[in-house]
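> Got a structure here, written out as structure tokens. Questions coming.
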Amino acid sequence: MSHHIVEVKNLRHVYPDGTAALKDVSFVITHGESVGIIGANGAGKSTLLQHLNGSLEPTSGAIHIGHTPLSKGTLPDIRRTVGMVFQDPDDQLFMPTVFDDVAFGPLNLGYTPADVEQRVTEVLELVGAGHLRDKPPYHLSGGEKKRVAIATVLSMSPDILVMDEPTNGLDPFARRQLMKLMRDFKHTRIFTSHDLDMVLELCERVIVMHEGEVWADGPALEIFGNDTLLAECRLEKPFSMQGCPICGRKTHAV
Amino acid sequence: MASIHSAVLDLKSLDLLANGNSTIHRLDARAKVLVTLVFILCVVSYSRYELTPLFPFFIFPVVMISLAGLPTLFILKKITLLCPFVLAVGIFNPVFDREILIQFGHFGISGGWISFASILTRSVLTVGTAFILVGVTGFTAVCQALESLGMPKVFAVQLLFLYRYIFVLTEESGRASRARELRSCGKKGQGIHSFGSMVGHLLLRTWQRAERIHTAMLARGFTGEFHANRLSRFGVSEVRFVLAWSSFFIFLRLQNVSQLLGSLVTGLFP
Chain F
1 MSHHIVEVKN
11 LRHVYPDGTA
21 ALKDVSFVIT
31 HGESVGIIGA
41 NGAGKSTLLQ
51 HLNGSLEPTS
61 GAIHIGHTPL
71 SKGTLPDIRR
81 TVGMVFQDPD
91 DQLFMPTVFD
101 DVAFGPLNLG
111 YTPADVEQRV
121 TEVLELVGAG
131 HLRDKPPYHL
141 SGGEKKRVAI
151 ATVLSMSPDI
161 LVMDEPTNGL
171 DPFARRQLMK
181 LMRDFKHTRI
191 FTSHDLDMVL
201 ELCERVIVMH
211 EGEVWADGPA
221 LEIFGNDTLL
231 AECRLEKPFS
241 MQGCPICGRK
251 THAV
Chain P
1 MASIHSAVLD
11 LKSLDLLANG
21 NSTIHRLDAR
31 AKVLVTLVFI
41 LCVVSYSRYE
51 LTPLFPFFIF
61 PVVMISLAGL
71 PTLFILKKIT
81 LLCPFVLAVG
91 IFNPVFDREI
101 LIQFGHFGIS
111 GGWISFASIL
121 TRSVLTVGTA
131 FILVGVTGFT
141 AVCQALESLG
151 MPKVFAVQLL
161 FLYRYIFVLT
171 EESGRASRAR
181 ELRSCGKKGQ
191 GIHSFGSMVG
201 HLLLRTWQRA
211 ERIHTAMLAR
221 GFTGEFHANR
231 LSRFGVSEVR
241 FVLAWSSFFI
251 FLRLQNVSQL
261 LGSLVTGLFP
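Chains as they are written, first to last, in the working numbering: chain F, 1 to 254; chain P, 1 to 270.
Dropping the structure here:
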């Protein structure tokens, strides 16, 4: 048995206003996989992610994390297993200083102060934010905020890392830094993104969402090679597969 | 909106002052909060016609600013921001209270002017020390000190959240207001109506953000308990700081030091 399996079965979610954001979503993600969930705006990506740690309750269908069904009773355990990094780091960093923010999760888990101290120092070093520990979050730049937001989640030692639009709004250097960080994380990773080049680099597998359904699920290169599918789902090839606008050379062979 | 924006920047720089490393900065926040509370209590407890006994109290802000190395001009500017409010509160005193209290030859000063000056002096003193307190301690540490001194946790957490998100909210409202300005082409736009819906939108957005923050907290195992993980000690220097200043303030409150000095001087040079 592995803690790192994510199983979604016939998931359906209807918002109170009647919008069916997820119609019938099923997939299994196994240990150590790195999966990109892509799709047009309003395809249901964010709604799907919010189900993975119980922030939203399914209208019907079921979610299993490491063979444990997601329910009220298992929620605390599942929230430790699934680390969720939000799209807007300002939503995630709410404590007075970076240290307090990263310590928030471990303290809730009941770690001793010494353990918390050690854990926070470790993860801040890991994301390259050790020098920011005493700063308040509103004094940080966008890239710094994002890295600290990831640290707040890593400090709880999650088995599965879920990230909503991780490279959104980052400069090229910060984006590269973040991608390296995510590549080094060895457990299961699930991202949603419109940064298809990042998805191509980091994910072996891609799930394409369209109008609340899984439209395709397969190896990244195969999905990004299917022009009809991409056009149907309002997507296009990653830039690295489109060829250089000057010489026409392609980075990725299709 | 530029003024709100710069006010927020100023707030940030006030907060950054707290990163200093002077003897005053290093003191435990509780000691500084306690002394400031005693100071404010003493200053506001004077009756409205008392003006001269207030002047010796200026020693405290002056000493704090010089020991902590705070930029004097910056603090003074912050205090002048408050002046319009104080003027609004006190400006009618000279009009309604015309009884002459002090007579310099033919020139009389009415009670109204004295109480107005007293309000002004007390505001400058109390607000100034509050700014200095934040400048040498940091807002967060002040909240935590208040909490450990017995303020209910709910209020402390509320204050911390308010302080954390005031920056995000002003940025959001700044953007919304700039967008409105740009599209009203230098005219009034739709006047007060557009502001109404803008404020409404801000409220809704704040609400949504609050929900997202709550989700983020739940995702990290929040169960309603805020764990403080701060090591601070109330040592000898803190006790000395609190005792020395508090007894000084109480002495000033009980004795009119200005008058004593005055009579000393006039006694020496009759």
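Using N, Cα and C, we set each Cβ at its ideal position, and we do this for glycine too. Note that the structure is predicted; figures quoted are calculated from it, not measured.
CA-CA distance, P/Phe-161 and P/Arg-209?
Indexing the second sequence from 1 puts residue 161 of chain P at position 161. Indexing the second sequence from 1 puts residue 209 of chain P at position 209. Each residue's alpha carbon lies about 12 Å from the other.
> Any beta carbon from chain F within less than 8 Å of P/Thr-137's own beta carbon?
On the second sequence, residue 137 of chain P is found 137 positions in, with the first residue counted as 1. P/Thr-137 does not count as touching chain F.
> Which full runs of the beta strand (DSSP E) of 3+ residues lie inside the region 70-151 of chain P, going along the chain?
Qualifying beta strand (DSSP E) stretches, in chain order: 100-104 and 107-110.
> If you check the beta carbons only, do P/Tyr-49 and P/Leu-101 fall under 8 Å apart?
Position 49 of the second sequence, counted from the first residue, corresponds to residue 49 of chain P. Position 101 of the second sequence, counted from the first residue, corresponds to residue 101 of chain P. Yes, Cβ-Cβ distance for P/Tyr-49 and P/Leu-101 is below 8 Å.
> DSSP three-state call for P/Ile-65: helix, strand or coil?
Counting from 1 along the second sequence, the entry for residue 65 of chain P is found at position 65. Three-state DSSP puts P/Ile-65 in a helix.
> Of the choices F/Leu-200, F/Ala-103 and F/Lys-146, whose alpha-carbon is the least far from that of F/Met-156?
If you number the first sequence from 1, residue 156 of chain F lands on position 156. When only C-alpha atoms are compared, the closest one is F/Ala-103.
> Express the C-alpha separation of F/Leu-161 and F/Gly-125 in angstroms, rounding to a whole number.
As a working mapping, residue 125 of chain F is identified with position 125 in the first sequence. As a working mapping, residue 161 of chain F is identified with position 161 in the first sequence. The sequence as given places Glu at residue 125 of chain F; Gly does not occur at that position. Each residue's Cα considered, the two are about 18 Å apart.
> Under 7 Å between beta-carbons, which chain F residues line up against P/Val-168? List them in chain order, please.
The sequence position of residue 168 of chain P within the second sequence is 168, counting from 1. Residues of chain F passing the Cβ test: Asp-90.
> Would you mind reading off the limits of the alpha helix (DSSP H) that contains P/Val-33?
Taking the second sequence and counting its residues from 1, the one referred to as residue 33 of chain P is at position 33. Per DSSP, P/Val-33 belongs to the alpha helix (DSSP H) from 29-44.
> If you follow the beta strand (DSSP E) that F/Ile-246 is in, where does it begin and where does it stop?
Within the first sequence, residue 246 of chain F is the residue found at index 246, counting from 1. Run containing F/Ile-246: none; DSSP gives neither H nor E here.
> Strictly below 8 Å CB to CB, what residues from chain F border P/Thr-206?
Within the second sequence, the letter at position 206 stands for residue 206 of chain P. Here the premise fails: no neighbours, minimum Cβ distance about 12 Å.
> Ignore the nearest five residues each way along the sequence and tell me which others in P/Arg-253's own chain have a CB closer than 6 Å to its CB.
What you label residue 253 of chain P is simply residue 253 of the second sequence in a count that begins at 1. The residues are Cys-42.
> Look at the Cβ atom of F/Asp-159, then the Cβ atom of F/His-187, and state whether they are nearer than 8 Å.
Indexing the first sequence from 1 puts residue 159 of chain F at position 159. Indexing the first sequence from 1 puts residue 187 of chain F at position 187. Cβ distance < 8 Å, so F/Asp-159 and F/His-187 count as in contact.
> For a test of the three-state rule: what should DSSP assign to F/Asn-108, helix, strand or coil?
Counted from its first residue, the first sequence places residue 108 of chain F at position 108. Looking at F/Asn-108 - three-state DSSP - the assignment turns out to be helix.
> Which residues in chain C have a C-beta closer than 8 Å to the C-beta of F/Tyr-138? List them in chain order.
Absent from the structure is chain C; the protein chains it does hold are F and P.
> Do the CB positions of F/Gly-110 and F/Thr-152 come within less than 8 Å of each other?
Position 110 of the first sequence, counted from the start, is the residue given in the question as residue 110 of chain F. Position 152 of the first sequence, counted from the start, is the residue given in the question as residue 152 of chain F. No.
> Expressed to the nearest angstrom, what Euclidean distance is found between the alpha-carbon atoms of F/Ile-190 and P/Leu-11?
Here residue 190 of chain F corresponds to residue number 190 of the first sequence, with the count starting at 1. Here residue 11 of chain P corresponds to residue number 11 of the second sequence, with the count starting at 1. Using only the alpha carbons, I get a separation of about 39 Å.
> Does the beta-carbon of P/Trp-245 have 16 or more other beta-carbons within 10 angstroms, so that it is buried, or is it exposed?
The residue you call residue 245 of chain P lines up with position 245 of the second sequence. Buried, since its Cβ has 16 or more Cβ neighbours within 10 Å.
> Quick one: any contact between the region 17-25 of chain P and the region 81-94 of chain P, if contact means 3 or more CB pairs under 8 Å?
No, they do not touch.
> Taking one C-beta from the region 209-225 of chain P and one from the region 74-82 of chain F each time, how about it: are there three or more such pairs within less than 8 Å?
A contact exists between the region 209-225 of chain P and the region 74-82 of chain F.
> Could you please give the first and the last residue of the uninterrupted alpha helix (DSSP H) stretch that includes F/Met-95?
Stepping through the first sequence from its first residue, residue 95 of chain F is reached at position 95. Looking at the DSSP string, F/Met-95 is not in any alpha helix (DSSP H), and its letter there is neither H nor E.
> Which residue or residues does DSSP assign as beta-bridge partners of F/Ala-216?
To locate residue 216 of chain F, count along the first sequence from 1; it is residue 216. DSSP lists F/Val-208 as partners of F/Ala-216.
> Could you tell me which chain P residues have their CB closer than 7 Å to the CB of F/Met-163, listed as they occur along the chain?
Sequence index remark: in the first sequence, residue 163 of chain F carries index 163 (1-based). The contacting residues do not exist; F/Met-163 stays about 12 Å from chain P at best.
> Give a yes or no on whether the minimum CB-CB distance between P/Thr-266 and chain F is below 8 Å.
Position 266 of the second sequence, counting from 1, holds the residue named residue 266 of chain P. Judged by the 8 Å Cβ criterion, P/Thr-266 is not in contact with chain F.
> Just the Cα atoms here: how many angstroms apart are F/Pro-89 and P/Gly-150?
As a first step, residue 89 of chain F is located in the first sequence; it is residue number 89 there, counting from the start. As a first step, residue 150 of chain P is located in the second sequence; it is residue number 150 there, counting from the start. If you take the alpha carbons of F/Pro-89 and P/Gly-150, they lie about 32 Å apart.
> In angstroms, rounded to a whole number, what distance separates the CA positions of F/Glu-57 and F/Ile-63?
Residue 57 of chain F sits at position 57 when you count from the first residue of the first sequence. Residue 63 of chain F sits at position 63 when you count from the first residue of the first sequence. Going by the C-alpha atoms only, they are around 10 Å apart.
> Report the rounded CA-to-CA distance for F/Arg-249 versus F/Gly-32, giving the unit in angstroms.
By 1-based counting over the first sequence, the position of residue 249 of chain F is 249. By 1-based counting over the first sequence, the position of residue 32 of chain F is 32. Their Cα atoms are separated by approximately 33 Å.
> Under 8 Å between C-beta atoms, does P/Arg-240 make it to chain F?
Taking the second sequence and counting its residues from 1, one reaches residue 240 of chain P at position 240. Cβ-Cβ to chain F under 8 Å: no for P/Arg-240.
> Return yes when the Cβ of P/Ile-79 is within less than 8 Å of the Cβ of P/Phe-359, no when it is not.
Given that chain P is displayed from residue 1 to residue 270, the structure contains no residue 359 of chain P and the question cannot be resolved.
> Does any residue of chain F bring its CB to less than 8 Å from the CB of P/Met-217?
Taking the second sequence and counting its residues from 1, the one referred to as residue 217 of chain P is at position 217. Output row for P/Met-217: interface = yes.
> To the nearest angstrom, how far is it from the Cα of P/Leu-243 to the Cα of P/Leu-37?
Taking the first residue of the second sequence as 1, we reach residue 243 of chain P at position 243. Taking the first residue of the second sequence as 1, we reach residue 37 of chain P at position 37. The straight-line gap from Cα to Cα measures roughly 13 Å.
> Starting from F/Met-259, trace the beta strand (DSSP E) in both directions and tell me its first and last residue.
Because chain F spans 1 through 254 in this model, residue 259 of chain F falls outside it and cannot be assessed.
> Below 8 Å on the Cβ atoms is my contact criterion, and I expect P/Thr-129 with P/Ile-40 to pass it. Report the Cβ-Cβ distance as a whole number of Å.
Reading the second sequence from its first residue, position 129 is the one you call residue 129 of chain P. Reading the second sequence from its first residue, position 40 is the one you call residue 40 of chain P. That pair is a contact at about 7 Å.
> Taking only runs of the beta strand (DSSP E) that begin and end inside the region 25-110 of chain F, which ones reach a length of at least 3 residues, in chain order?
Listed in chain order, the complete beta strand (DSSP E) runs (minimum 3 residues) inside the region 25-110 of chain F are 34-39, 60-65 and 82-85.
> What first and last residue would you give for the beta strand (DSSP E) that runs through P/Thr-52?
For the purposes of this step, residue 52 of chain P is identified with residue 52 of the second sequence, where counting begins at 1. Per DSSP, P/Thr-52 belongs to no beta strand (DSSP E) and is neither H nor E.
> What does the alpha-carbon distance come out to for the pair P/Leu-9 and P/Leu-264?
Taking the second sequence and counting its residues from 1, one reaches residue 9 of chain P at position 9. Taking the second sequence and counting its residues from 1, one reaches residue 264 of chain P at position 264. Using only the alpha carbons, I get a separation of about 48 Å.
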